[in-house]
Structure formats: structure tokens, C-alpha cells
Amino acid sequence: AQKVTQAQTEISVVEKEDVTLDCVYETRDTTYYLFWYKQPPSGELVFLIRRNSFDEQNEISGRYSWNFQKSTSSFNFTITASQVVDSAVYFCAFTARDTGRRALTFGSGTRLQVQP
Amino acid sequence: EAQVTQNPRYLITVTGKKLTVTCSQNMNHEYMSWYRQDPGLGLRQIYYSMNVEVTDKGDVPEGYKVSRKEKRNFPLILESPSPNQTSLYFCASSSGTGGTGELFFGEGSRLTVL
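Here the protein sequences line up with chains A and B, keeping their order.
Residue numbering for the first sequence follows the working numbering, starting at 1041 and increasing by one per position.
Residue numbering for the second sequence follows the working numbering, starting at 255 and increasing by one per position.
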């Protein structure tokens, strides 16, 4: 069975600090996809990134970067120079390749509070 | 604008009173799904649909029904709501019949069952 663990329940930082959100997954599948979603206080889920299991290249998008390491089954997310607008709950999610249910298995989320 | 629209956004109801949460997407997506979000549990899939008239159970289907008569709509039906169905519900859609593309989520429907 698949499992996604976000061990950090809540993180509080001061604006301009860098912060890393951890995500560890468990699976026996060889082909799978990992995601990060952001849920701001308004409640909607905002897609941030998708990564497949064959692509271990790190990715950077502005202040956001992602570090995927198959050897440790981790897909960590770093925000550089955090801003108050980054305050949200962040979910890591996983799905194995299939043509059926296509369900995402979500972690329990990490609440990030960025203080001004 | 590409979007998934859910209604109502907020609802308070009483035990046993049937209700329907509507979901509509304007992206011509074949795949649609419902999730519920509960504190400490993340999001869990309730039902999904691969296409019109094709629906199946997710991880937590008990107490829910769905239908997919049209491609754009995927309503979630609670025939006899109970307090343990108090939750935040999300509808999602995705393109393609296979693979694992991005899921587009609606804004969520917060349901309280008294």
C-alpha cells in the first residue's frame, strides 16, 4: 500500500527565511508520480508541481524548488525568502501509474505560517 | 476560464436530510473525482468517474452516491447524511483516460451535519 508522510505538522518562520517542507513516501511501484499542492486560507487547492519517478532532476520555479531523491523516497519542497503570502497548508501527494482509479494519496499536510 | 465549480460552498444540514453537492467542469475532462478532507487525514477519495456512465468507488465511499449522466457534471449525493460526514469536500477533474495528469480541484464545499 502507498503512504505519504509529512512529519512536520506546523512550521512557523519569519519573512525572508528559507523553509523546507519534508515529504516521504512508501511504495512498491516502480512508476509513480509525486505532487505538491498548496491550500491557502481561502481553502482551494492549488497545484504546484508534478514529478514522475523517472525524473530525479531537481526543479526550481522562482522561489520554489523541489528535491526528489528516490534513494530516500523523499520529495522535499523548499521556499526561499519566504513571504507572508506563502502562509498555507501544503500537501504532498502520490499516485502510482494506472489507467483506473487515479487516486491521489495525500499526506496529512504541513501548515506553514510566515510571520511578517 | 478553466474551472471546476462546486455548489453549495457552505451547507449546514441535519441528520437524514438528503442533499446533493453539484460539481461542474468546463474543460471537457473525461475523468472526475470526489475527495473529502478531514483534519489530520489529508484528502481521501470517495468516488471517481472515468467517463460518462462509468463510476466506481474510491477509498471511503460509504454513505455516498454519485452519477455521471453528462461529461461536465458529477454530483455527489448524500442520501441520509450523518454527523461523521461533516467535512470539506472537493471535486476534481483531469484530462485523458490514462496517465496521471494534474488534477484540477474545485474550491471546496464545507458541509456540516448536525
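Glycine included, every Cβ here is placed at the ideal spot set by N, Cα and C.
Quick caveat, the model's predicted, so the values are computed rather than measured.
{"query": "Any 3 or more C-beta pairs closer than 8 Å across the region 342-349 of chain B and the region 275-293 of chain B", "result": "yes"}
{"query": "8 Å Cβ cutoff met for Leu330(B) and Arg364(B)", "result": "no"}
{"query": "Cβ neighbour criterion (16 or more within 10 Å) applied to Gly296(B)", "result": "buried"}
{"query": "Assigned secondary structure, Thr340(B) (DSSP; H/G/I helix, E/B strand, else coil)", "result": "coil"}
{"query": "6 Å CB neighbourhood of Thr1060(A) in its chain, flanking five on each side removed", "result": "Asn1116, Thr1118"}
{"query": "Simplified DSSP assignment, three categories, for Gly353(B)", "result": "Low confidence applies to Gly353(B): its pLDDT is 48, below 50, so where it sits in the model is not reliable enough to give any reading."}
{"query": "Contact the region 318-335 of chain B vs the region 1046-1060 of chain A: 3+ CB pairs below 8 Å", "result": "no"}
{"query": "Where Asp313(B) sits in the DSSP three-state scheme", "result": "coil"}
{"query": "Distance, Thr1120(A) Cα to Tyr1104(A) Cα", "result": "6 Å"}
{"query": "Own chain partners of Lys311(B) with C-beta closer than 7 Å, once the 5 adjacent residues on each side are dropped", "result": "Tyr301"}
{"query": "Cutoff 8 Å: Ser348(B) Cβ touching any chain A Cβ", "result": "yes"}
{"query": "Stretch pair the region 1145-1153 of chain A + the region 1084-1095 of chain A: three plus CB contacts closer than 8 Å", "result": "no"}
{"query": "Where Asp292(B) falls: helix, strand or coil (DSSP)", "result": "strand"}
{"query": "Per DSSP, the bridge partner or partners of Gln1155(A)", "result": "Val1054(A)"}
{"query": "Cross-strand partners of Ala1128(A) (DSSP beta bridge)", "result": "Leu1152(A)"}
{"query": "Nonlocal neighbours in the same chain, by C-beta distance under 8 Å from Ala1133(A), ignoring five residues either side", "result": "Val1044, Leu1074, Phe1075, Trp1076, Tyr1077, Leu1144, Thr1145, Phe1146, Gly1147"}
{"query": "Which of helix, strand or coil DSSP assigns to Thr1045(A)", "result": "strand"}
{"query": "Local Cβ density within 10 Å of Val320(B), reported as buried at 16 or more and exposed below that", "result": "buried"}
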